[in-house]
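Novice: Numbered according to our numbering, the sequence shown spans residues -2 to 424. The structure that follows is given in the form of structure tokens.
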Amino acid sequence: KSDSGTLSREAKVGELMRTAPAILAALVAALTLQPTHGFSVAPGIPQPHHARRGEHSALLQAPPLLAGLRLAGRDRGARLLTGNHRAVSEHQFLTMQVDASGERRGKVCVVGSINYDQTVYVPSMPLPGQTLHGTLYTTGFGGKGANQCVMAALMGAKASMVGMLGSDDIATVTRGHLEGLGVDCSRVGTTPGASGVAAITVSSDGENHIVIVPGANLAVTPDRVAEAEGEIRGSAVLLLQNEVPPASTLAAMRSGKGGGPFVVLNAAPAPSVGDRWQEGQWSDFGEMLAACDLLCVNESETTVLTGVQVAEGAGLEASLREAAAQVARMGCPRVIFTLGGAGSCLVDEGGELTMVPLVDRPSKVVDTTGAGDCFLGALAAYLSFGVPLTEAMSRAGRVAAISVTGAGAQTSYPEGDRIPSDLRLPK
């Protein structure tokens, strides 16, 4: 103190330095909000193998107060700590989970395609102008949207489908099938004309030719999506694919923003994203990627989307990091790569790479058709009940592994006693 009894400048500075930590802690407590994409932090679970991307390691320890700040020197696409994405520490990363509280718990909404599959089996692929005798003809229910919604329902989620059927007999049979499996079809509309169909030819060596006629799926318009806004915003998870008009997919994402569901985009089929990708119907794809909370692609879709060939063996993680960097530049904060028998991989907005290996591999693979959709439907169901993300990936992989032991897509999906007790959803 000075002679007058007042604090000197040096003393005031010292006092401020002593009280600064308490002031900062109070600000963090007052300003930290739950991220709008619906992730929270759960108690710890066993940690899968993970490897940090070195250039981002320092960011993993950033406090939640930094959420929403733009980092100098980083472009919009990299957005490691921008927008609505909260920074999380390394130990929190593996335990992130979707907000599944209140009336949202267990609710999954799927906006996507509904198809009817017609398959013929032949000894070999016919040559142009050639007529062959087939060995088998089968019909089944498909469409990536319907497949994923069915699996979510079979897992026990309250699954609602937003889509379109035609005015034909296929529509009547398909609607009854979906409802019989527990899918809410109140937002599945009807339009004059044919329902979506897939004509599939399969040769004895397993080669297949597939022709999809989208039919009524093209009538899934942004206006139709707007009519389902209540179902979308009331769900814990919104699941989308690329088999309906892109503008409608983007409309669904927009309707779920601002405290809505956790948005998962399965970019299948993947659009070719080259120098001219912003022309034509995929002009909004960059905005679609920026609007989703999680992108999910398989190996071939990864290559089409990013130009990166997914490597095998020692080069696998490096190729996945490169692909994830491309996805980040396009605006998506986190991505799951499905790797078939190798399991799956998650790369987070912080650059953390987590390999989730497949356990309980099937002894015999009969048919892999629809296995990716099975994985996504089960993943959405687990997330809707608050199962942490990497744990949900592991469980969904095991469910998908069961599906490849049967023929077809939806016909191979497990339900009831075919789902092991440790994979069943909490009630």
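We put the CB at the ideal spot given by N, CA and C, even for glycine. A quick note: this is a predicted structure, and the numbers were derived from the prediction, not measured.
(1) By DSSP, does CYS371 sit in helix, in strand, or in coil?
(2) Are there 16 or more other CB atoms within 10 angstroms of the CB of LYS155, so buried, or fewer, so exposed?
(3) Measuring straight from C-alpha to C-alpha, what distance separates ILE111 and PHE372?
(4) Only counting the same chain, and skipping five residues up and downstream in sequence, which positions put a Cβ closer than 7 Å to that of ALA168?
(5) Under 8 Å between the Cβ atoms of SER157 and ARG184?
(6) Could you tell me which whole alpha helix (DSSP H) segments of length 4 or greater appear in the stretch 263 to 345?
(7) Can you tell which of GLY139, THR299, LEU336, ARG102 has the C-alpha that lies nearest to the C-alpha of ARG427?
(8) Name the DSSP bridge partner or partners of ASP419?
(9) Report the three-state DSSP secondary structure of ARG184 (helix, strand or coil).
(10) Are LEU302 and ALA248 close, meaning C-beta to C-beta below 8 Å?
(11) Measure the beta-carbon distance from VAL260 to ALA288 and round it to whole angstroms, keeping in mind my assumption that it falls under 8 Å.
(12) Suppose the cutoff is 7 Å on Cβ atoms and the five residues either side in sequence are ignored; what does the same chain contact list for ARG358 look like?
(13) Looking only at its chain, what residues have a beta carbon closer than 6 Å to the beta carbon of SER391, apart from the 5 residues adjacent to it on each side?
(14) Considering only residues of the same chain and omitting the five flanking positions on each side of ALA150, which have a CB-CB separation below 7 Å?
(15) By a C-beta neighbour count over all protein chains shown, 10 Å radius and 16 as the cutoff for buried, is TYR379 buried or exposed?
(16) According to DSSP, is THR198 part of a helix, a strand, or is it coil?
(17) Can we say the stretch 206 to 223 touches the stretch 234 to 243, given the rule of at least three CB pairs closer than 8 Å?
(18) With DSSP collapsed to three states, give me the class of ASN112.
(19) How long is the line joining the alpha carbons of GLU226 and HIS130, rounded to whole angstroms?
(20) Please identify the residue among GLY403, GLY340, GLU349 whose C-alpha is closest to the C-alpha of LEU355.
(21) What are the boundary residues of the alpha helix (DSSP H) that ALA143 is part of?
(22) Residues bridged to HIS206 by DSSP?
(23) Candidates VAL332, ASP364, LEU336: which alpha carbon is nearest LEU350's?
(24) What three-state label does DSSP hand GLY413 in the structure shown?
(25) Using beta-carbon positions only, say whether GLY139 and ALA195 come within less than 8 Å of one another.
(26) When we look at the beta-carbon of GLY367 and count the other beta-carbons within 10 Å, is it buried (16 or more) or exposed?
(27) According to DSSP, simplified to helix, strand and coil, what is PRO32?
(28) Using only the alpha-carbon positions, how far apart do GLY312 and ARG318 sit?
(29) Within 10 angstroms of its Cβ, does ASN205 collect 16 or more other Cβ (buried), or is it exposed?
(30) What does the alpha-carbon distance come out to for the pair LEU198 and GLY99?
(31) Could you tell me whether the Cβ atoms of ALA375 and VAL401 are closer together than 8 Å?
(32) Is DSSP giving GLY405 helix, strand or coil here?
Specialist: Looking at the coordinates:
(1) Counted from its first residue, the sequence shown places residue 371 at position 374. If DSSP states are grouped into helix, strand and coil, CYS371 belongs with the helices.
(2) As a working mapping, residue 155 is identified with position 158 in the sequence shown. Buried.
(3) On the sequence shown, residue 111 is found 114 positions in, with the first residue counted as 1. On the sequence shown, residue 372 is found 375 positions in, with the first residue counted as 1. Those two C-alpha atoms are separated by around 18 Å.
(4) Here residue 168 corresponds to residue number 171 of the sequence shown, with the count starting at 1. The residues are LEU162, THR187, SER192.
(5) By 1-based counting over the sequence shown, the position of residue 157 is 160. By 1-based counting over the sequence shown, the position of residue 184 is 187. Taking 8 Å as the Cβ cut-off, SER157 and ARG184 qualify as a contacting pair.
(6) 282 to 288, 296 to 303, 313 to 326
(7) The structure shown has nothing for residue 427, since the chain only spans -2 to 424.
(8) The count along the sequence shown starts at 1 and reaches residue 419 at position 422. ASP419 is not bridged to any residue.
(9) Here residue 184 refers to the residue found at position 187 when the sequence shown is read from its first residue. Note: ARG184 maps to strand in three-state DSSP.
(10) As a first step, residue 302 must be located in the sequence shown, where it is residue number 305. As a first step, residue 248 must be located in the sequence shown, where it is residue number 251. No, Cβ-Cβ distance for LEU302 and ALA248 is not below 8 Å.
(11) Here residue 260 corresponds to residue number 263 of the sequence shown, with the count starting at 1. Here residue 288 corresponds to residue number 291 of the sequence shown, with the count starting at 1. Confirmed, Cβ separation roughly 7 Å.
(12) Residue mapping note: residue 358 aligns to position 361 of the sequence shown, counting from 1. Once the five neighbours on either side are set aside, the close Cβ partners of ARG358 are GLY338, ALA398.
(13) Within the sequence shown, numbered from 1, the residue matching residue 391 stands at position 394. Closer than 6 Å at Cβ, skipping near neighbours: VAL353.
(14) In the sequence shown, counting from the first residue as 1, residue 150 sits at position 153. Excluding residues within five positions, the ones whose Cβ falls inside 7 Å are ALA156, LEU178, GLY179, VAL180.
(15) Position 382 of the sequence shown holds residue 379. With 16 or more other Cβ atoms within 10 Å, it is buried.
(16) Translated into positions along the sequence shown, residue 198 becomes position 201. Strand.
(17) yes
(18) Reading the sequence shown from its first residue, position 115 is the one you call residue 112. In the structure shown, ASN112 sits in a strand (DSSP, three-state: E or B).
(19) Residue 226 sits at position 229 when you count from the first residue of the sequence shown. Residue 130 sits at position 133 when you count from the first residue of the sequence shown. So the two alpha carbons sit approximately 49 Å from each other.
(20) As a position in the sequence shown, residue 355 is number 358, starting the count at 1. Comparing Cα-Cα distances from LEU355 to each of GLY403, GLY340, GLU349, the minimum goes to GLY340.
(21) By one-based count along the sequence shown, residue 143 stands at place 146. Its alpha helix (DSSP H) spans residues 141 to 151.
(22) Counting from 1 along the sequence shown, the entry for residue 206 is found at position 209. THR198, per the DSSP bridge assignment.
(23) Your numbering for residue 350 matches position 353 in the sequence shown. Of VAL332, ASP364, LEU336, the residue nearest in Cα terms is VAL332.
(24) As a working mapping, residue 413 is identified with position 416 in the sequence shown. The answer is helix: DSSP assigns GLY413 an H, G or I state.
(25) As a working note, residue 139 is residue 142 in the sequence shown. As a working note, residue 195 is residue 198 in the sequence shown. Yes. Within cutoff.
(26) Walking along the sequence shown from the start, residue 367 turns up at place 370. Buried, since its Cβ has 16 or more Cβ neighbours within 10 Å.
(27) Numbered from 1 along the sequence shown, position 35 holds the residue referred to as residue 32. For PRO32, the predicted model reports a pLDDT of 37, less than 50, meaning its position is unreliable and no value from the coordinates is stated.
(28) For the purposes of this step, residue 312 is identified with residue 315 of the sequence shown, where counting begins at 1. For the purposes of this step, residue 318 is identified with residue 321 of the sequence shown, where counting begins at 1. If I take the Cα positions, the gap works out to 10 Å.
(29) Indexing the sequence shown from 1 puts residue 205 at position 208. It is exposed - the Cβ of ASN205 has fewer than 16 other Cβ atoms within 10 Å.
(30) Residue mapping note: residue 198 aligns to position 201 of the sequence shown, counting from 1. Residue mapping note: residue 99 aligns to position 102 of the sequence shown, counting from 1. Just to set this straight, residue 198 is Thr in the shown sequence, not Leu. When rounded, the distance between both Cα atoms is 47 Å.
(31) Here the question's residue 375 lines up with position 378 in the sequence shown. Here the question's residue 401 lines up with position 404 in the sequence shown. No. Outside cutoff.
(32) Translated into positions along the sequence shown, residue 405 becomes position 408. Of the three classes helix, strand and coil, the one that applies to GLY405 here is coil, per DSSP.
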